[in-house]
Amino acid sequence: MFVLVNGQAYPLPESVTLASLLRSVSPPAPFAVALNEEFVPRGTYEDCLVRPNDRIDIVHPTAGG
Amino acid sequence: METQAIQDELILYGRRFKSRLLLGTARYDSPSLLADAIGVADPALLTVSLRRQLSGSKESGASFWNLLRETKRTLLPNTAGCLTAQEAVKTACIGRELFQTNLVKLEVIGDEVNLQPDPFGLVEAAIELVKLGFQVLPYCTEDWVLCRRLMDAGCEVLMPWAAPIGTGQGPRNVPALRELRQRAPEVPLIIDAGIGLPSQACQVMEWGFDGVLLNTAVSRALDPVRMADAFAQAVRAGRSAFLAGPMTVKDFAVPSTPEIGRPFVSDPSVLLPLVASEH
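As given, the protein sequences belong to chains A and B, one line each in that order.
Under my numbering, residue 65 is the last one in the first sequence; the count climbs by one each step, no gaps.
Under my numbering, residue 1279 is the last one in the second sequence; the count climbs by one each step, no gaps.
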């Protein structure tokens, strides 16, 4: 199965938790996550299941005005 | 003087700041220029944003995060780029977790040409965000009814634009901005966007606005650090002038040097009407 991580196809052998996916992707800290355009609080990563074709956005602090 | 300075702190949602300048962190040529500008401007808050990781970007990543932390400034995450209330609320929630703050600079853009705030989306998002416990600083226009709706929604601070973002035009609708100041005397009003020169920042502070948020005017100056210093001085000067209470503007000349006793006057009676008008 594939999911989209920041718009890029990311292969997964099976449905996994968001926590597991993030361990695999290993984004640099700090980051926050949206799944299918919905914010996912950090404390719920272990309970959140990632399904085929899900869209995961991992965002970081950046400059802003 | 020290007592007066303490009493004149900028208070936003109960947080007290000595500085009345808010500084954006975008569009600097290098992180070191940003750091130096922050050091010189001594801003109350730094606006920040969130994006996907961009490889090679100087404006994100671990180094940018470390720079922010080393400044020890209060961070103000924005919802830049959001075109709907729903997008803005989601972005604010992400920003709250990322930056560990309930503060949010709420932006809902209604026109992609001039980046004008969407008044309808702004109010809708503000209502929701206040319910979620956010301390909302909305980037808005000077429209009085919009500002009143935002205050009704629970916004304790308003950030009306001077002109479209990044234009540096200075205040475009002076009468409406000054009317807003008069009609909302107790609400902290931060002029956000469109300021291009320190004189413009000084001007709005003289009118009684509580602070100025700058980004492009500093970051895109030829010498951003020097410009940050110029703006810091201008904001302080404008605030001092406001507190000092400017003189009343008059239609006709009033001599500042006493007329009575002036030598070489052959007929002092010609001055009597002028002397009488001073009483």
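Glycine residues also receive a C-beta, built at the ideal position from the N, C-alpha and C atoms.
This structure is a prediction, so every number in the text was calculated from the model and none was measured.
| Asked | Found |
| --- | --- |
| With a 10 Å radius around its C-beta and 16 neighbouring C-beta atoms as the bar for buried, classify residue 1249 of chain B as buried or exposed. | exposed |
| Closer than 8 angstroms between beta carbons: that is the criterion. Which residues of the segment 1043-1072 of chain B meet it against chain A? | 1047, 1048, 1049, 1050, 1051, 1052, 1053, 1054, 1057, 1059, 1060, 1061, 1062, 1064, 1065, 1068 |
| Just the C-alpha distance for residue 1234 of chain B and residue 1198 of chain B, rounded to the nearest angstrom, thanks. | 5 angstroms |
| Would you kindly work out how many angstroms separate the C-alpha atoms of residue 1079 of chain B and residue 58 of chain A, rounded to a whole number? | 16 angstroms |
| Per DSSP, which residues does residue 1078 of chain B bridge with? Please list them. | B/1105 |
| Please name the residue or residues paired with residue 1139 of chain B in a DSSP beta bridge. | B/1159 |
| So, for residue 61 of chain A: in the same chain, excluding its five sequence neighbours on each side, which residues have a beta-carbon less than 7 angstroms away from its beta-carbon? | 30 |
| Name the chain A residues that come within less than 9 angstroms of residue 1090 of chain B, Cβ to Cβ? | 34, 37, 38, 39 |
| Hey, would you say residue 6 of chain A sits closer than 8 angstroms to residue 1052 of chain B, going by beta carbons? | yes |
| DSSP three-state call for residue 1224 of chain B: helix, strand or coil? | helix |
| Could you run through the segment 9-35 of chain A and flag, in chain order, every residue whose CB is less than 9 angstroms away from some CB of chain B? | 27, 28, 29, 30, 31, 32, 33, 34 |
| DSSP three-state label for residue 1100 of chain B, please. | coil |
| Using the C-alpha atoms, what's the distance from residue 1169 of chain B back to residue 1232 of chain B? | 19 angstroms |
| So which residues of chain B does residue 6 of chain A contact, with C-beta pairs closer than 9 angstroms? | 1052, 1053 |
| Near residue 1083 of chain B, what residues of its chain come up, given a Cβ to Cβ distance below 6 angstroms and the 5 sequence neighbours on each side ignored? | 1109 |
| Which chain B residues are close to residue 61 of chain A, counting only those with a beta carbon under 8 angstroms from its beta carbon? | 1048, 1049, 1050, 1060, 1064, 1065, 1068, 1098, 1099 |
| Put residue 31 of chain A into one of helix, strand or coil per three-state DSSP. | coil |
| For the beta strand (DSSP E) that residue 38 of chain A lies in, which residues bound it at each end? | 38-40 |
| Mind reading off the beta-carbon distance from residue 1036 of chain B to residue 1225 of chain B? Whole number of angstroms is fine, and I expect it under 8 angstroms. | 5 angstroms |
| Check the Cβ-Cβ distances between residue 47 of chain A and every residue of chain B, and say whether any is below 8 angstroms. | no |
| Suppose the cutoff is 8 angstroms on Cβ atoms and the five residues either side in sequence are ignored; what does the same chain contact list for residue 15 of chain A look like? | 1, 49, 50, 51, 52 |
| Near residue 1242 of chain B, which residues of its chain fall below 8 angstroms by C-beta distance, leaving aside the five closest residues on each side in sequence? | 1205, 1206, 1207, 1208 |
| State whether the segment 1112-1132 of chain B contacts the segment 1140-1149 of chain B, with contact taken as three or more CB pairs (one from each stretch) at a distance under 8 angstroms. | yes |
| Of the residues that make up the segment 1020-1035 of chain B, which ones have a beta carbon closer than 7 angstroms to any beta carbon in chain A? | 1024, 1025, 1026 |
| Rounding to the nearest angstrom, what Cα-Cα distance links residue 1061 of chain B and residue 1124 of chain B in this structure? | 32 angstroms |
| Of all the options B/1113, B/1046, B/1210, B/1059, which has the alpha carbon lying nearest to the alpha carbon of residue 1099 of chain B? | B/1046 |
| Just checking: is the beta-carbon of residue 1195 of chain B within a distance shorter than 8 angstroms of some beta-carbon in chain A? | no |
| What whole-angstrom Cβ distance do residue 1161 of chain B and residue 1194 of chain B have, given they're in contact under 8 angstroms? | 5 angstroms |
| Given this structure, state the Cα-to-Cα distance separating residue 1111 of chain B from residue 1190 of chain B, to the nearest angstrom. | 22 angstroms |
| Can you list, in chain order, the residues of the segment 1212-1229 of chain B whose Cβ is nearer than 9 angstroms to any Cβ on chain A? | 1213, 1214, 1215, 1216, 1219 |
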